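As numbered in full-length UniProt numbering, residues 1 to 132 make up the sequence shown, in order.
Let me begin by presenting the structure, written as C-alpha coordinates, before commenting on it.
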Amino acid sequence: MRAYTTVTLLLVLLMHSQCKKDKLADNPTQQLQGSWRLLYTSTAAGPKELSPEGSMRILQFNGNKMLTYSHDTLLAKESFLMAFKSDKLPYLVADSDPWNPRIFSCTISSDTLSLLSVHNSARVGKIYVRVK
1 MRAYTTVTLL LVLLMHSQCK KDKLADNPTQ QLQGSWRLLY TSTAAGPKEL SPEGSMRILQ
61 FNGNKMLTYS HDTLLAKESF LMAFKSDKLP YLVADSDPWN PRIFSCTISS DTLSLLSVHN
121 SARVGKIYVR VK
(Lines of atoms letter the chains of each structure in order from A and count residues from 1; the text may use other names and numbers.)
(Lines give C-alpha, C1' and ligand atoms only; values in the text may rest on other atoms or scores of the structure.)
Protein backbone atom coordinates (compact mmCIF):
# COMPACT_ATOMS: atom_id res chain seq x y z
CA MET A 1 0.00 0.00 0.00
CA ARG A 2 2.84 2.38 0.82
CA ALA A 3 4.48 1.80 -2.57
CA TYR A 4 1.17 2.50 -4.32
CA THR A 5 0.78 5.80 -2.44
CA THR A 6 4.37 6.81 -3.25
CA VAL A 7 3.97 6.03 -6.96
CA THR A 8 0.66 7.93 -7.10
CA LEU A 9 2.21 10.93 -5.37
CA LEU A 10 5.18 10.91 -7.77
CA LEU A 11 2.88 10.75 -10.80
CA VAL A 12 0.81 13.68 -9.53
CA LEU A 13 3.97 15.74 -8.92
CA LEU A 14 5.33 14.85 -12.36
CA MET A 15 2.10 15.84 -14.11
CA HIS A 16 1.94 19.10 -12.15
CA SER A 17 5.52 20.06 -13.06
CA GLN A 18 4.88 19.16 -16.72
CA CYS A 19 1.91 21.56 -16.85
CA LYS A 20 4.08 24.43 -15.62
CA LYS A 21 6.61 23.83 -18.38
CA ASP A 22 3.91 24.07 -21.04
CA LYS A 23 2.68 27.38 -19.64
CA LEU A 24 6.19 28.85 -19.67
CA ALA A 25 6.53 28.20 -23.41
CA ASP A 26 3.46 30.39 -24.03
CA ASN A 27 4.80 33.25 -21.89
CA PRO A 28 5.93 36.14 -24.16
CA THR A 29 8.69 37.13 -21.72
CA GLN A 30 10.16 33.63 -21.98
CA GLN A 31 9.83 33.66 -25.77
CA LEU A 32 11.81 36.93 -25.93
CA GLN A 33 14.82 35.57 -24.07
CA GLY A 34 17.98 35.38 -26.16
CA SER A 35 19.53 37.50 -28.89
CA TRP A 36 17.86 39.11 -31.90
CA ARG A 37 19.57 40.73 -34.92
CA LEU A 38 17.97 43.76 -36.58
CA LEU A 39 16.83 42.83 -40.07
CA TYR A 40 15.08 46.04 -41.16
CA THR A 41 13.29 49.18 -39.97
CA SER A 42 10.10 50.51 -41.50
CA THR A 43 7.83 53.52 -41.06
CA ALA A 44 4.23 54.08 -42.04
CA ALA A 45 5.31 56.86 -44.40
CA GLY A 46 8.29 55.26 -46.06
CA PRO A 47 9.80 52.07 -47.44
CA LYS A 48 11.64 49.43 -45.48
CA GLU A 49 15.23 50.26 -44.64
CA LEU A 50 17.30 47.10 -44.63
CA SER A 51 19.92 46.93 -41.93
CA PRO A 52 23.37 46.94 -43.55
CA GLU A 53 24.99 43.50 -43.48
CA GLY A 54 27.90 44.73 -41.41
CA SER A 55 25.87 46.72 -38.88
CA MET A 56 25.27 43.79 -36.51
CA ARG A 57 22.71 45.59 -34.35
CA ILE A 58 21.75 43.05 -31.67
CA LEU A 59 18.94 43.22 -29.12
CA GLN A 60 19.47 40.80 -26.24
CA PHE A 61 16.90 39.88 -23.59
CA ASN A 62 18.33 38.43 -20.40
CA GLY A 63 15.84 38.04 -17.56
CA ASN A 64 14.18 41.44 -17.29
CA LYS A 65 17.10 43.29 -18.92
CA MET A 66 17.14 44.47 -22.53
CA LEU A 67 20.63 45.07 -23.91
CA THR A 68 21.40 46.77 -27.23
CA TYR A 69 24.71 46.00 -28.95
CA SER A 70 26.43 47.16 -32.11
CA HIS A 71 29.46 45.08 -33.14
CA ASP A 72 29.75 43.58 -29.63
CA THR A 73 29.76 47.06 -28.05
CA LEU A 74 27.04 47.65 -25.46
CA LEU A 75 25.02 50.73 -26.47
CA ALA A 76 22.14 50.59 -23.98
CA LYS A 77 20.99 48.60 -20.97
CA GLU A 78 17.46 48.95 -19.66
CA SER A 79 14.81 47.01 -17.79
CA PHE A 80 11.69 45.85 -19.59
CA LEU A 81 8.38 44.23 -18.80
CA MET A 82 5.56 42.76 -20.82
CA ALA A 83 2.08 44.26 -20.47
CA PHE A 84 -1.26 43.17 -21.90
CA LYS A 85 -4.13 45.46 -22.86
CA SER A 86 -7.73 44.59 -23.64
CA ASP A 87 -6.75 43.55 -27.19
CA LYS A 88 -4.68 40.76 -25.55
CA LEU A 89 -1.60 41.62 -27.60
CA PRO A 90 1.67 41.81 -25.67
CA TYR A 91 3.30 45.20 -25.29
CA LEU A 92 6.95 45.57 -24.40
CA VAL A 93 7.62 48.49 -22.04
CA ALA A 94 11.26 49.62 -21.81
CA ASP A 95 11.92 51.89 -18.86
CA SER A 96 15.33 53.49 -19.30
CA ASP A 97 13.53 56.77 -18.54
CA PRO A 98 10.79 56.13 -15.94
CA TRP A 99 9.04 59.41 -16.83
CA ASN A 100 8.92 58.58 -20.52
CA PRO A 101 8.90 54.79 -21.07
CA ARG A 102 9.16 53.43 -24.59
CA ILE A 103 6.22 51.18 -25.46
CA PHE A 104 6.16 48.74 -28.37
CA SER A 105 3.49 46.48 -29.74
CA CYS A 106 5.20 43.10 -29.79
CA THR A 107 4.71 40.12 -32.10
CA ILE A 108 6.86 37.05 -31.55
CA SER A 109 7.20 33.93 -33.66
CA SER A 110 9.80 31.20 -33.33
CA ASP A 111 12.50 33.16 -35.17
CA THR A 112 11.05 36.65 -35.79
CA LEU A 113 10.42 39.57 -33.45
CA SER A 114 8.41 42.60 -34.55
CA LEU A 115 8.45 45.76 -32.40
CA LEU A 116 6.19 48.66 -33.41
CA SER A 117 6.48 51.92 -31.48
CA VAL A 118 3.05 52.97 -30.19
CA HIS A 119 3.99 56.47 -29.01
CA ASN A 120 5.64 57.65 -32.19
CA SER A 121 3.52 59.42 -34.81
CA ALA A 122 5.74 57.94 -37.53
CA ARG A 123 4.90 54.41 -36.24
CA VAL A 124 8.45 53.12 -36.52
CA GLY A 125 8.67 49.35 -36.67
CA LYS A 126 11.70 47.11 -36.33
CA ILE A 127 11.95 43.49 -37.41
CA TYR A 128 14.52 41.22 -35.78
CA VAL A 129 15.54 37.61 -36.44
CA ARG A 130 16.66 35.26 -33.68
CA VAL A 131 20.41 34.73 -33.43
CA LYS A 132 21.15 31.03 -33.13
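Built from N, CA and C at the ideal position, the CB exists for glycine as well.
Computed from a prediction, not measured in an experiment: that's the story for all the values here.
Check	Outcome
Span of the alpha helix (DSSP H) holding Leu32?	Pro28 to Leu32
By alpha-carbon positions, which one of Arg123, His119 and Ile108 ends up nearest to Val129?	Ile108
Taking just the CA atoms, how far does Asn100 sit from Tyr91?	15 Å
Do you know how far the Cα of His71 is from the Cα of Met82?	27 Å
Identify which residue in Gln33, Ser35, Asn62 and Thr43 has its Cα closest to the Cα of His119.	Thr43
Note the first and the last residue of the continuous beta strand (DSSP E) segment covering Thr112.	Thr112 to Ser117
What are the boundary residues of the beta strand (DSSP E) that Met66 is part of?	Lys65 to Ser70
Over the uninterrupted beta strand (DSSP E) stretch that includes Asn62, give me the two end residues.	Arg57 to Asn62
Tell me the DSSP secondary structure of Lys85 in three-state form.	coil
List the endpoints of the continuous beta strand (DSSP E) containing Thr107.	Arg102 to Ile108
If you drop the 5 nearest sequence neighbours on each side, which residues of the same chain put their C-beta closer than 8 Å to that of Gly34?	Gln60, Phe61, Arg130 and Val131
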